[in-house]
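Engineer: Residues 920 to 1072 in my numbering are what the sequence shown spells out, letter by letter. One structure follows; several queries about it will come next.
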Amino acid sequence: MHELGIVFHIANQVQDVAKENGVDKIHQVTLSVGEVSTVIGEYLIDCWNWNSKKTEMLKDCKLEIEKIEAVTFCEDCKKEYKTVEHGKTCPYCGGGNTYLVAGNEVMIKEILVDEPENGETGDDPHSEEWTDEMLAAPWDDPSTENWDDDFEL
Ligand SMILES: [Zn+2]
């Protein structure tokens, strides 16, 4: 199950970032999932709900999935087109010299958290949006294909 491995990784990642920032409860995680990625959103949510029950930090944490449209670029005529509609053949020139530029990624887009109880910042008492910098590195790793290897059931 590809999705379960991904869920473990996301949960670990989210909890690590939370600990670093002194957060003890996470309300919602939003993932960006490319429409031609191999991940099935419904399975991902099922796995997420099952897994998040096991930790205090993620209990009742909701997983939102945001689809990213897949886009392919044609080397011959330098145009972009929708991958899902046209596949690997360019609709403008009929060429096959094309490659995917977006649409197979799985990334954390946003994490909504509770402020720490004795937090002194107090601008927004409900949640804060975490920046890309706080969620950097592992999501640029192209080896996400291997995520499920450690989690054979
Ligand atoms: Zn073309």
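Virtual Cβ for every residue (Gly too), placed ideally from N, Cα, C. Quick caveat: nothing in here was measured; it's all calculated off a predicted structure.
Per DSSP, what are the beta-bridge partners of F927 in this structure?
Structural biologist: F927 pairs with nothing; no bridge assigned.
Engineer: Helix, strand or coil, according to DSSP, for L977 in the structure here?
Structural biologist: If DSSP states are grouped into helix, strand and coil, L977 belongs with coil.
Engineer: Starting from I945 and walking both ways along the beta strand (DSSP E), at which residues does that stretch end?
Structural biologist: 945-953 is the extent of the beta strand (DSSP E) around I945.
Engineer: Within its chain, find whatever has a CB closer than 6 Å to the CB of V942; leave out the 5 residues flanking it on each side and keep chain order.
Structural biologist: If we look at V942 and ignore the five residues flanking it on each side, its Cβ neighbours are V1032.
Engineer: What is the rounded straight-line gap between the Cα of K978 and the Cα of K972?
Structural biologist: Their Cα atoms are separated by approximately 5 Å.
Engineer: Does the count of Cβ pairs from the segment 1009-1021 and the segment 931-938 closer than 8 Å reach three?
Structural biologist: Touching, no.
Engineer: Going by the CB atoms, is the gap between G1015 and T1002 shorter than 8 Å?
Structural biologist: Against a cut-off of 8 Å, the Cβ pair of G1015 and T1002 comes out as no contact.
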